[in-house]
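Read the structure below first, then the notes.
Numbering (the working numbering), first residue to last: 653 to 1127.
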C-alpha cells in the first residue's frame, strides 16, 4: 500500500538519498542542482493522483532517479558556475560536475561558464576539465564571466581542441589566453559567434582572425566608436549589432540592429547585397532628404518609436514589411503618433508584395490610411485595431471607394483599393463574445462583398487568441 506524502521541499534542502541513493554520510546534491527537465518531471509526478492513492514522494524520486540518471541528454548542460571562492563552494562545484559528467556518457556538452575562483582553484578546475570534460566534447560555450590571471600551456591542455563547437558566446572577455586558444583551434562546425561586451577593435581583430573564417553568423561587440573599420570574411552572411558601423559589409545579406540608430548610417554602398533588415531608428534629422535605395532587400522589420525614415526608403523588391509594437505603454502611444505622421508623408512609397503586418493598434482613420497607402501591391495584410476605437465604417467606406476628406489624397487612381489583396487579418485585444463576434462577422462579410479585387478571406484574431474567419465560399 502506498503512503500518502506531501511535497514540502525548500530550494536549499538536500535529496541525497532520493537523487543519488547516497548514504547519509555522502556528499549531498541540492534539489536546484538537478537539470530542470528532471526536476519538472519529478515534481509533476509527485503531485499526481494515482488511481488508488497518491504516490509517495520517495517512491517517485527513486523511480525517476533510475530512469533519468541514465538519460544522457538531460545532463549535457554543464554549468561551471561558482560565485564564491570559498573552499566549501568549490568542493561542491567539483563534486557536482564530477557526478554530472558521469551521467552524460559520451554526449557533447553545452558549457555555461561563470566562475569567481582563486588562481589555485582555477588550475584545479582546468586540470579536471582536461581529464573529464575536454573542450573537444563542447558543443556550445557561453562565457558569462571568467577567471583572472594567466594560465600556462600545461594547465590549458584540455582546452585546445574546439572542433565540435557550434556556438560561442561571450558576455565577458576571458583573460589568460583562452580566446586565443579558441582562435588557434580549427572550428569547422562553428555557426554562431556572439559578443555581448565592449572590445577594442584591434583586440577583436587579433583574437578572432581564424574563428571568423568558419562562422556564417556573428554578433559584434560594442566598439570604442562607430567609426572603426571592421573587415569580415565572405563566409559571414548574417550580422547582428547594437550600433551600425560606418564601414562596408558587402557580403552581408542579413542585418539585425538591436538599438536605435540614425537613418544616415545606413548606406547603399555599405550593404549592397542586403536582403533582410531588422532595425530601430532614431528621430529623423530634418536636413536628411536623400533616399536610401536597397535594391535586394526583401524583408524589413521595424520597431521602436521612429518611423519617418521609412518615407525615404526605396525598396523595389520588398516582399515582407513588419511594423512591430514596443512593450511600454508610454512608448506605445508615441509609436501610434509617429506612425500616423509617417502615413501622411507624401514621399511614402513602400508596399510589400507578399505581406504587410502592422501590429500597432491604430485608430480607424490611420488604419484605413495604412491599408490604402501601404497595401497597394500586397497579397496578405495583418493589422491591429486600437483598443479604444472599434468603429468600422471608415474602413468599409474605403473598400467601397467612398473615402472621407481625410483620405482623398491617399486613394490612388486605381479602381480597387489594395487590388492584389488575397487575405486580410484584423487583430483585436477584446475578448470574443457571441454578440461581438456576430457583429464583426457581418462587417467582414460586407468587406468581402465590397472588395472588387482578389480578396478571398478575412480573419479576426481575438484577445484570447481564438479567431473568426469568413471567406467567399461562405456566400
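Built from N, CA and C at the ideal position, the CB exists for glycine as well.
The region 914-925 and the region 969-976 do not touch, with fewer than three beta-carbon pairs separated by less than 8 Å. For residue 797, same chain residues with a beta-carbon under 6 Å away, outside a window of 5 residues either side, are 766, 824 in chain order. For residue 951, the CB contacts under 6 Å within the same chain, skipping 5 residues up- and downstream, are 928, 972 in chain order.
Using a C-beta cut-off of 8 Å, the region 748-764 makes no contact with the region 803-815, since fewer than three inter-stretch Cβ pairs fall below that distance. Sixteen is the threshold: since fewer than 16 other Cβ atoms of the shown chains lie within 10 Å of the Cβ of residue 1083, the residue is exposed. When 977, 757, 1099 are compared, the shortest CA-CA separation from residue 991 is found for 977.
Counted as a single uninterrupted DSSP element, the beta strand (DSSP E) harbouring residue 766 occupies residues 761-767. Within the region 895-952, the runs of beta strand (DSSP E) that reach at least 3 residues and sit entirely inside it are, in chain order, 906-909, 928-932. For residue 871, the secondary structure class from DSSP, reduced to helix, strand or coil, is strand. Distances from the alpha-carbon of residue 863 to those of 989, 840, 789, 946 put 840 closest. Annotated three-state conformation of residue 788 is helix, per DSSP.
When DSSP states are grouped into helix, strand and coil, residue 996 belongs to the coil group. Setting aside the 5 residues that flank it on each side, residue 1027 is surrounded in the same chain by 1003, 1008, 1033, 1070, 1073, each with a C-beta closer than 7 Å to its C-beta; the list follows chain order. A straight-line Cα-Cα distance of about 23 Å links residue 1118 and residue 1031.
Counting the other Cβ atoms within 10 Å of the Cβ of residue 1020 gives 16 or more, which makes it buried. A contact is defined here as three or more CB-CB pairs under 8 Å, and the region 934-953 fails this definition with respect to the region 891-904.
With a cutoff of 8 Å on beta-carbon distance, residue 1051 and residue 1014 are scored as not near each other.
In this structure, residue 888 places its C-beta atom within 8 Å of the C-beta atom of residue 867.
For the pair residue 988 and residue 1012, the CB atoms are nearer than the 8 Å cut-off. Pairing residue 812 with residue 833 gives a Cβ-Cβ distance under 8 Å.
If you draw a straight line from the Cα of residue 810 to the Cα of residue 783, it comes to about 7 Å.
Per DSSP, the continuous alpha helix (DSSP H) segment holding residue 832 begins and ends at 830-836. By the beta-carbon neighbour count (other beta carbons within 10 angstroms, threshold 16), residue 785 is buried. Using a 10 angstroms sphere on the CB of residue 1080, the tally of other CB atoms reaches 16 or more, which defines it as buried. Proximity to residue 1104 across 1068, 1112, 1123, 1124 peaks at 1068, based on C-alpha coordinates.
Spanning the alpha carbons of residue 870 and residue 893 requires a straight line of approximately 8 Å.
Within the same chain, Cβ atoms closer than 6 Å to the Cβ of residue 914 are found at 934, the five residues on either side in sequence being excluded. In summary, residue 980 is exposed, with fewer than 16 beta-carbon neighbours lying within 10 Å of its beta-carbon over all protein chains present.
Scanning its chain for C-beta atoms nearer than 6 Å, with the 5 sequence neighbours on each side dropped, one finds around residue 959 the residues 990, 991, 994, in chain order. The residue from 1010, 957, 1006, 1116 with its alpha-carbon nearest to that of residue 985 is 957. Here DSSP, grouped into helix, strand and coil, assigns residue 1116 to coil. A buried status is given to residue 752, since no fewer than 16 other beta-carbon atoms sit within 10 Å of its beta-carbon. Distances from the alpha-carbon of residue 939 to those of 954, 1121, 964 put 964 closest. In this chain, the alpha helix (DSSP H) harbouring residue 1016 covers 1016-1026. If you ignore the 5 residues before and after residue 872, its C-beta comes within less than 6 Å of the C-beta of 893, all in its own chain and listed in chain order. In the DSSP assignment, the residues bridged to residue 822 are 795, 847.
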